[in-house]
Every structure is written in structure tokens, then in C-alpha cells.
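Before any comments, here is the structure.
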Amino acid sequence: MKENVDWLKTVIIFPDSVYDNTYTRNDKNDLSNNKVDKSRGRPVLSFDLSSDRSKRRKCQNLYNASCLSELIQTTTLALRRHGIEDAAKLVKEITHTTPTRGKKIRETWKNQQLKNEPTALSTDEALSLIISASLSKSQYNLLRKSAKHHHFDLYPSYHKIIAAKTETYPI
Numbered sequence: 000m001k002e003n004v005d006w007l008k009t010v011i012i013f014p015d016s017v018y019d020n021t022y023t024r025n026d027k028n029d030l031s032n033n034k035v036d037k038s039r040g041r042p043v044l045s046f047d048l049s050s051d052r053s054k055r056r057k058c059q060n061l062y063n064a065s066c067l068s069e070l071i072q073t074t075t076l077a078l079r080r081h082g083i084e085d086a087a088k089l090v091k092e093i094t095h096t097t098p099t100r101g102k103k104i105r106e107t108w109k110n111q112q113l114k115n116e117p118t119a120l121s122t123d124e125a126l127s128l129i130i131s132a133s134l135s136k137s138q139y140n141l142l143r144k145s146a147k148h149h150h151f152d153l154y155p156s157y158h159k160i161i162a163a164k165t166e167t168y169p170i
């Protein structure tokens, strides 16, 4: 022991990078900490890497500690800080207007999504396409096969178009 007294009494100074990679037990409970805990047991993941269930559990603590108006204001500010101004305005409008406003906005959005959904041509539209583009049967079937190859049944079968064509003739 006497041989090592000088060595044991010396002060060792580590670079800052060593301290940056160490964690304390208090870091484990900090919800805003994005670092992974290096202590014993199962590692604590950051919020972004956690599963949906773990995220709900972590958010439950925040929810229990705050009132609804604080959460709304915090959400709006966070969205603005990240440059998502439209979402921030939607949150504010939904929460500060009538109770049915959120439902109306959601229904309008759903209806708009349905309008933008691609639809197949009717037999009359396909017949009009064949006539205006002067397509032969093989050309039309080639277009139809190409669309089906891309998992989109845009064009009706040629037999249905011929049936629609015969219906347009006068009696």
C-alpha cells in the first residue's frame, strides 16, 4: 500500500466526452431525456424509439400532471415550433370553437379523401375513349392490361363496352 500512496492521491481529470456518455439514475426518470440508460437491467429507450404502448404510458404521466388547457397550449406551441402551422391552427380551432367543430372538420376531410380516390371508367366513358382515340380492340386491351398490371382496374372489359355500344343504337 505504501508503494501506491502517491498514485492513489493523484487527481485524474477526464475529458468532457467521457462525462457526456455517463448517466445517473435520475436521467432514467426524465421524460425529456432522449439518451439510453446504461445502468443494469433493461435499457430505457428514448420516446421516439419506444412502442406505442410505452409512449401512452409515458404520456399518461404528463396527462395526469397537466390540465386540458395546458396540454392544448403546449401542443399548439410545439407544432408551431416545429413549423407545422396548419396543424397548430387546426388544434386551436377545434378546441376553442363549438364542441361539434372537430367532428365537422373530420367528416369534411374524410369526404375529400373519398373524392380523391381513383375510380374506374364507366362503360360509356370507355366507349367514348375508344371512339375519340380511334383505338382498336387490341390497343384498348393493351391499355387495360397495363392498368391491371399496376393493380388498378381502370378500364371495363371490352365485352361490357360492346354491350354498352349496342344499347346506344336506336330501336
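Start counting the sequence shown at 0; every next residue gets the next number (numbering that gives the first Met the number 0).
Even for Gly, the Cβ is constructed at its ideal location relative to N, Cα and C.
This one's a predicted model, so the numbers in the text were calculated from it and none came from an experiment.
Buried or exposed (CB count within 10 angstroms, at least 16 for buried), residue i
i	result
alanine 132	exposed
threonine 165	exposed
leucine 141	exposed
isoleucine 160	buried
tyrosine 62	exposed
valine 90	buried
arginine 41	exposed
arginine 39	exposed
histidine 139	Residue 139 is actually tyrosine in this sequence, not histidine. So tyrosine 139 ends up on the buried side.
threonine 97	exposed
arginine 52	exposed
valine 4	exposed
arginine 55	exposed
arginine 105	exposed
valine 43	buried
Among the options, the one whose alpha carbon lies nearest that of residue i
i	options	result
alanine 146	Tyr168, Pro117, Pro169, Ala163	Pro117
histidine 150	Lys103, Ser68, Ala119	Ala119
aspartate 123	Asn60, Ile11, Ala162, Cys66	Ala162
isoleucine 71	Cys58, Thr94, Ala64, Ile11	Thr94
serine 121	Gln111, Gln112, His158, Pro14	His158
Nearest-angstrom beta carbon gap, residue j and residue i [assumed within contact, 8 Å]
i	j	result
glutamate 92	arginine 100	7 Å
serine 49	lysine 57	7 Å
**At least three beta-carbon pairs within less than 8 Å, the region 152-168 to the region 123-131** = Yes, the region 152-168 is in contact with the region 123-131.
Is the region 60-77 in contact with the region 85-95, if contact means three or more CB pairs nearer than 8 Å? Taking 8 Å as the limit for Cβ pairs, the verdict is that the region 85-95 does touch the region 60-77.
Check your understanding: In chain order, which alpha helix (DSSP H) runs of at least 4 residues are fully inside the region 69-101?
Key -> For the region 69-101, whole alpha helix (DSSP H) runs of length 4 or above, ordered along the chain, are 84-95.
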